Amino acid sequence: MKLNVGLSTCRNILRKGGNAVDAAITALLCDGLSCPQSMGLGGGFLMTLYNKTTGKAYAINAREKAPAAATLGMFHGNYKAAQTGALAAAIPAEVLGYWTVYHRFGGGVPWRDLFEEPIALALNGVNINHHLAKNIRLYEDHIRRSPQLT
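Numbering (numbering that gives the first Met the number 0) for the sequence shown: 0 to 149.
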């Protein structure tokens, strides 16, 4: 994704009356499109917020959670299961984290407005970054063999 796309998306949220938190959520949604191996709706995030007016800082932990049936030793002797397949999946927390941050610190624009431009970008396609392109090349054979990914 070109940098100016993310900047214009943030600027549009601010012009509609959103604050920096609203704009950040939209920017992160856009970033998840071009860098899905590192972030996006199927994952989670950590965020630090500072309110200059109150002088308070906040840490938000919206990381993925392990499934309820997960055990401490479930991958001992089977490291590949931690990388691919159903056991490798975690329970996404990104949208819930954004929702929480929006309600506590944002909310200058309707929730749906934060998703309008990221959805349009997703429907029209985005440029991927170098890191994702490298990973696609690295795992190309696996991607082509996987019925879920082809």
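Every residue gets a Cβ at the ideal spot worked out from N, C-alpha and C, and that includes glycine.
These numbers come from a predicted model, not from an experiment.
Residues sharing a beta bridge with residue i, DSSP
i, result
"Ile135", "Per DSSP, none; premise fails for Ile135."
"Tyr57", "Leu48"
"Ile90", "Lys64"
For residue i, three-class secondary structure by DSSP
i, result
"Ala81", "helix"
"Asn128", "coil"
"Thr8", "helix"
"Thr47", "strand"
"Leu2", "Residue placement at Leu2 cannot be trusted, given a pLDDT of 46 that sits under 50; what the coordinates show is reported in the next sentence. Leu2: helix per DSSP, three-state reduction."
"Ala69", "coil"
"Gly106", "coil"
"Thr99", "helix"
"His141", "helix"
"Arg111", "coil"
Residue burial classification, residue i (beta-carbon count within 10 angstroms, cutoff 16)
i, result
"Lys1", "Note that Lys1 scores 46 on pLDDT, short of 50, meaning its location in the model is unreliable; the coordinates nonetheless yield the value given after this. It is exposed - the Cβ of Lys1 has fewer than 16 other Cβ atoms within 10 Å."
"His130", "exposed"
"Thr8", "buried"
"Thr25", "buried"
"Tyr138", "exposed"
"Ile12", "buried"
Candidates the options: closest to residue i by CA position
i, options, result
"Ile142", "Cys34, Thr83, Ala89", "Thr83"
"Ala65", "Ala89, Phe44, His75", "Ala89"
"Gln147", "Glu93, Pro35, Ala85", "Ala85"
"Val125", "Leu13, Arg10, Asp30", "Asp30"
"Thr70", "Ala81, Ile127, Arg62", "Ala81"
"Ala23", "His75, Glu63, Met46, Phe74", "Met46"
"Pro109", "Arg10, Ser7, Thr8, Gly17", "Gly17"
"Leu48", "Asn134, Ser37, Leu40, Asn60", "Asn60"
"Arg14", "Asp112, Ile127, Ala119", "Asp112"
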